[in-house]
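S.K.: Sending over a structure as structure tokens; questions will come in a sec.
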Amino acid sequence: MIGKSLNRKKLNNKSRFLAFLVIAMPLLAWADIQEFKLDNGMKVVVQEDHRAPVVVSQVWYRAGALDEVNGKTGVAHVLEHMMFKGTKKVPAGQFSRIIAAAGGKENAFTGMDYTCYFQQLEKSKLPLALELEADRMANLQITDEEFAKEIKVVMEERRWRTEDKPQSKVNEQFQAMAFTEHPYARPVVGFMNDLENMTAEDAREWYRNWYAPNNATLVVVGDVSTQDVLKLANKFFGSIKPHKLPERKPQREPAQVGERRAIVKAPGKLPYLVMGFHVPTLQDKPSTPEDEWEPYALDVLAGVLSGNDSARLNQKLVRDNPIAVDVGAGYDSTSRGREALFELVGTPSEGKTVAELEQAILEQVEKVKAEGATQQELDRVKAAVIAADVYKRDSMFYQGMQVGQLETMGYGWRLLKIYPEKLKAVTSEQIQAVAKKYLVKDNMTVATLDPQTIDPNAKPVGRPHSH
Amino acid sequence: MIRYVLLIAFVVFSGITQAAVKIQHWQTISGSKVLFVENHDLPIMDIAVNFPAGSARDTKQKAGLAGVTRYMMALGAGGMNEEQITNAFADIGAVLGGELDADRAAFKLRTLTSEQQKALQTFNTILHKPDFPDAVLQREKQRIIAGLKEDETKPDSIANKAFMRALYGEHPYALDEDGEVDTITALKREDLQSFYQQYYSAKSAVIALIGDMTEQQAHEITEQISASLPQTEAVGKLPEVTLPTAAVEQKTPHPASQAHILIGQPGIKRGDPDYFPLYVGNYILGGGGFVSRLTEEVREKRGLVYSVYSYFVPMAQPGPFEIGLQTKKEQATDALKLVNETVAKFIKNGITEKELKAAKDNITGGFPLRLDSNSKILDYLNVIGFYGLSYTYLDEFNKSIEQVTAAQIKDAFNRRIKPENFVTVVVGAQ
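Which chain is which? The protein sequence lines are P and X, in order.
Sequential numbering of the first sequence, starting at 325, is according to our numbering.
Sequential numbering of the second sequence, starting at 14, is according to our numbering.
This is the structure:
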């Protein structure tokens with residue numbers, strides 16, 4: 325998930341796993357969510373939270389890198405940047421100034437599955453946010469001049485995010501190898517060559533195709549009345565005409581038959597290892613009992629392997645027998661593309677190789693296959709789920725994120741209500757079963773970083789980009 | 014249309030009375046300062062214990078000691094090993110957190126109210142009886158060293174280190190929190206033990222609490238925390254910072270495609286009388302996200318960067334005033350020139366009334382967002398308590414902002430910010 329953000333915080337290994345347990349939390353009784361649909365097909369979901377006089381407003385579009393085509397990778401994210409570049413009523417740059425003057429914070433982010441625009445404001449300012457969002461949903465103007473400047477910003481973003489970060493390059497390579505046909509093969513930020521050749525018309529086409537009320541969900545969390553929000557939503561978004569969306573072709577990744585491997589060379593000191601296995605996500609209409617419980621079992625398996633610092637991977641491979649300086653497992657049971665990977669990542673200790681670390685991680689996987697998980701381990705994963713479900717109530721933004729993601733991915737926010745019970749029902753045998761079924765060599769993709777000593781005078785490697 | 018909405022919204026807003034949080038405060042018998050906010054909305058408790066035990070307490074020979082000490086405290090205490098400690102929290106869904114900067118080392122605990130006894134028991138064991146097991150120390154040293162070696166290859170890390178060294182010279186703010194390969198290698202268990210005894214003193218501890226507990230419970234919890242901390246002397250002040258008297262420019266080659274540029278000087282202390290004019294002024298210069306002058310000039314108008322910013326880090330002694338950006342190395346010289354011109358113009362000509370109003374509207378209008386969660390309020394309690402700010406700091410915050418004038422901003426920047434003495438670090442220079 326990347327965005328217009330100015331945040332300078334470094335991305336680390338763990339950022340791969342942001343999604344872990346993100347949705348693994350139910351709603352407490354006092355927090356009722358209400359859902360509406362406007363006549364033009366736009367969804368509105370409201371969660372009242374009266375703890376502080378503030379409001380979070382998020383507009384989610386079902387348009388992300390998943391919907392891009394070859395040669396135009398990164399266009400979803402580029403459009404996200406262009407959404408701040410003006411309408412007839414609100415000229416370029418004014419969106420941010422108006423929200424800032426209202427005391428608000430605002431930004432946007434793009435992922436594989438969605439693009440989201442948000443504002444955080446004192447509660448009385450909600451109408452302003454909705455009016456501005458409605459305006460740019462329908463009336464965005466993309467000029468060649470603004471596009472020419474902003475595409476340079478996005479290329480700087482790609483340099484900063486990917487080109488100069490060895491682990492990001494490995495992750496990009498890994499993704500491209502694990503998926504051969506499905507669009508999850510491609511990076512959200514887009515390939516540099518595609519960015520260099522992108523035109524304002526590409527962005528306009530994207531906007532025309534996907535920015536419509538019938539492809540959007542408004543999520544509001546805060547010190548508001550649900551009925552007021554609904555009235556405001558109708559007032560500002562209600563008159564926007566829906567349009568027919570482009571046909572979404574079914575895209576499936578064929579079963580992997582045989583191990584895949586890649587090595588990435590980049591300046592650095594420490595090697596890095598990413599391993600992934602194709603696994604199922606939650607399905608809309610599970611056709612077998614396995615379709616129903618396997619994603620939950622995989623989620624608990626990730627918790628057993630790396631839910632906390634004493635979980636198996638860290639305890640065995642970092643603490644007891646320090647073969648790694650860093651190790652983790654991650655899985656996200658939800659995705660709009662209905663494709664997922666179970667990932668295992670790590671950095672070997674000095675003197676150890678990625679091959680040795682890979683072997684050690686796979687030994688832990690084999691142990692799960694043979695013995696399953698202990699009751700204590702299962703209980704710990706459950707305790708984390710129960711507590712996180714309460715802790716998340718301290719963040720309105722995060723609660724909005726969960727709702728928005730599930731709506732946009734097509735599961736619906738009600739999944740939040742059943743998720744914890746499903747996790748609690750997972751047995752040791754089920755964990756063994758998913759490990760045996762999916763974490764096998766023929767289904768494995770491995771990418772490693774081979775760090776290169778820095779020659780301070782070296783020029784960046786790679787062929788020159790065509791313009 | 015937009016104007017109309019703004020007008021209405023403004024009227025509504027000006028009618029709101031700002032009810033900030035009610036902070037209760039006292040001292041424990043052992044001399045720790047306590048700040049407490051009672052809030053029963055959620056069945057959770059947040060507790061933070063702060064010590065003047067940050068990396069500025071390190072010496073050049075033992076750089077990294079403060080960080081290793083804090084980190085190691087949770088990896089063996091009261092006879093519990095690291096696995097038992099992690100599991101004790103994990104079994105009840107409690108979350109142990111913490112942080113370290115140059116001034117401060119902190120431990121944080123978040124727990125469900127229903128699990129508070131078990132959570133506090135383990136939390137107190139960590140604070141009171143760290144064992145600093147030697148085998149774990151040797152292993153962690155290896156991990157830290159691996160990280161340091163990796164950092165030596167990253168342009169952002171290289172730039173940060175060089176920047177702080179050039180800014181602070183012999184002052185301990187120049188020391189890297191993570192230490193150096195040599196100094197980490199040399200650390201011994203006894204170093205950690207004596208650092209703990211000296212700097213984790215009950216007399217210097219600041220305890221902040223928020224959440225689902227009564228004042229009576231908060232008293233009991235904090236007495237318990239405080240009573241078994243080292244009953245050693247209060248920790249003294251950090252040395253004064255000497256301001257640079259000449260410009261420094263460092264250029265380091267790096268194969269990355271972007272140059273990483275940092276520019277700045279030592280800035281201000283917490284509680285500095287110029288704090289509010291500089292804070293509001295910096296919002297306009299480079300702190301206000303998408304609406305700052307730096308973002309406007311460098312990103313919006315010319316597309317030279319993804320990120321450009323400026324900020325003050327007010328600390329016990331003047332923390333850095335820092336301007337930063339990353340840009341394709343071929344255009345680094347132009348971008349740097351543009352940044353310097355923007356800063357010079359800002360200092361020389363000051364700001365417009367329109368900019369001042371926009372800044373104040375954002376900062377005061379956004380005040381409720383500063384306090385919209387327990388975790389944010391806890392962080393304010395930590396800062397207010399640790400730096401001895403007024404307990405009415407939050408109540409008076411908007412008034413302090415409103416009082417700032419354009420003339421004060423120009424005056425404060427002219428007195429305090431000296432571009433002729435800036436440190437400029439470019440990593441990935443052509």
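C-beta: ideal position from N, C-alpha, C; glycine also.
Model, not experiment: these values are computed from the prediction.
Taking contact to mean at least 3 C-beta pairs separated by less than 8 Å, is the segment 471-486 of chain P in contact with the segment 414-427 of chain P?
M.R.: no
S.K.: Could you name each continuous beta strand (DSSP E) segment of 3 residues or more that falls completely within the segment 351-406 of chain P, going from the start of the chain to the end?
M.R.: 357-361, 367-372, 378-385
S.K.: Residues of chain P with CB closer than 7 Å to the CB of X/A103, please, in chain order.
M.R.: N632, S634, R704, A707, A708
S.K.: Please determine, among P/V727, P/V378, P/N463, P/L556, the residue with the shortest C-alpha to C-alpha distance to P/K413.
M.R.: P/N463
S.K.: Is the segment 354-371 of chain P touching the segment 720-735 of chain P in the sense that three or more CB pairs, one from each, lie closer than 8 Å?
M.R.: yes
S.K.: How long is the line joining the alpha carbons of P/I422 and X/Q330, rounded to whole angstroms?
M.R.: 36 Å
S.K.: With H, G and I counted as helix, E and B as strand and the rest as coil, what does DSSP make of X/N434?
M.R.: helix
S.K.: With DSSP run on the structure shown, which of helix, strand or coil describes X/K162?
M.R.: helix
S.K.: State whether the segment 598-606 of chain P contacts the segment 615-623 of chain P, with contact taken as three or more CB pairs (one from each stretch) at a distance under 8 Å.
M.R.: yes
S.K.: Can you name the residues that DSSP bridges to P/K691?
M.R.: Per DSSP, none; premise fails for P/K691.
S.K.: Output the residue ranges of the beta strand (DSSP E) runs that lie fully inside the segment 489-553 of chain P and measure 3 residues or longer, sorted by chain position.
M.R.: 540-546, all fully within the segment 489-553 of chain P.
S.K.: Out of curiosity, what's the CA-to-CA distance linking P/A771 and P/F601?
M.R.: 12 Å
S.K.: Just to confirm, is the Cβ distance from P/G427 to X/D374 under 8 Å?
M.R.: At a Cβ-Cβ threshold of 8 Å, P/G427 and X/D374 count as neighbours.
S.K.: What's the C-alpha gap between P/G435 and P/D656?
M.R.: 14 Å
S.K.: Leaving out the 5 sequence neighbours to the left and right, which residues in its chain are closer than 8 Å to P/A708 when beta-carbon positions are compared?
M.R.: L345, G627, G631, N632
S.K.: State the start and end residues of the unbroken alpha helix (DSSP H) segment that holds X/N411.
M.R.: 406-415
S.K.: The beta strand (DSSP E) spanning X/I223 covers which residue range?
M.R.: Annotation for X/I223: the continuous beta strand (DSSP E) segment containing it runs 219-224.
S.K.: Compute the Euclidean distance between the alpha carbons of X/W39 and X/G224, then round it to the nearest angstrom.
M.R.: 17 Å
S.K.: Within 10 Å of its beta-carbon, does X/E183 have 16 or more other beta-carbons around it, so buried, or fewer, so exposed?
M.R.: exposed
S.K.: Can you confirm whether X/P290, when its beta carbon is compared against all beta carbons of chain C, has any partner nearer than 8 Å?
M.R.: Of the protein chains in the structure, P and X, none is chain C.
S.K.: For chain P, find out if any of its Cβ atoms is closer than 8 Å to the Cβ of X/Q134; answer yes or no.
M.R.: no
S.K.: Quick check: the segment 730-739 of chain P against the segment 449-469 of chain P, are there 3 or more CB pairs under 8 Å?
M.R.: no
S.K.: Using a cut-off of 7 Å between C-beta atoms, extract the partners of X/P381 located in chain P.
M.R.: Those are A376, P377, V378, E446, listed as they occur along chain P.
S.K.: Please report how far the alpha carbon of X/K264 lies from the alpha carbon of P/V649, in whole angstroms.
M.R.: The C-alpha of X/K264 lies about 32 Å from the C-alpha of P/V649.
S.K.: Here's a check: name, in chain order, each residue in its chain whose Cβ is nearer than 8 Å to the Cβ of X/A425, leaving out the five neighbours to either side.
M.R.: D287, P290, L291, G294
S.K.: Quick one: Cα of X/V212 to Cα of X/F64, how far?
M.R.: With the sequence shown as reference, residue 212 of chain X is identified as Tyr, and Val is not the correct amino acid for it. Near 7 Å, if we compare the C-alpha coordinates of X/F64 and X/Y212.
S.K.: Sorted by chain position, which residues of the same chain lie with C-beta nearer than 6 Å to P/T769's C-beta, five sequence neighbours on each side aside?
M.R.: Result list for P/T769: M501, A502, R584, G600, in chain order.
S.K.: Report the neighbours of P/V649 on chain X: residues whose CB is nearer than 8 Å to its CB, in chain order.
M.R.: Q155, R156, A159, G160
S.K.: Express the C-alpha separation of X/E368 and X/N411 in angstroms, rounding to a whole number.
M.R.: Going from the Cα of X/N411 to the Cα of X/E368 covers about 17 Å.
S.K.: Consider the Cβ of X/L20: report whether some Cβ of chain P lies at a distance smaller than 8 Å.
M.R.: Because the pLDDT of X/L20 is 33, which lies under 50, any placement of that residue in the model is unreliable, and the number read from its coordinates should be weighed accordingly. False, the Cβ-Cβ gap to chain P never drops below 8 Å.
S.K.: Which same chain residues, not among the five before or five after P/E577, have their C-beta less than 6 Å away from its C-beta?
M.R.: F503, E505, H506, E663.
S.K.: Near X/L48, which residues of its chain fall below 6 Å by C-beta distance, leaving aside the five closest residues on each side in sequence?
M.R.: I36, H38, A221, L394, G398
S.K.: Okay, do the segment 158-168 of chain X and the segment 132-140 of chain X touch, 3+ Cβ pairs below 8 Å being the bar?
M.R.: Contact fails: fewer than three Cβ-Cβ distances are below 8 Å.
S.K.: Cβ closer than 8 Å: which chain X residues qualify as neighbours of P/K473?
M.R.: E313, K314, R315, G316
S.K.: My output table needs one value for P/Y655: the three-state DSSP class, helix, strand or coil.
M.R.: coil
S.K.: Quick test of your reading: X/R178 and X/A187, contact by CB under 8 Å. State the CB separation rounded to the nearest angstrom.
M.R.: Right, their Cβ atoms sit about 5 Å apart.
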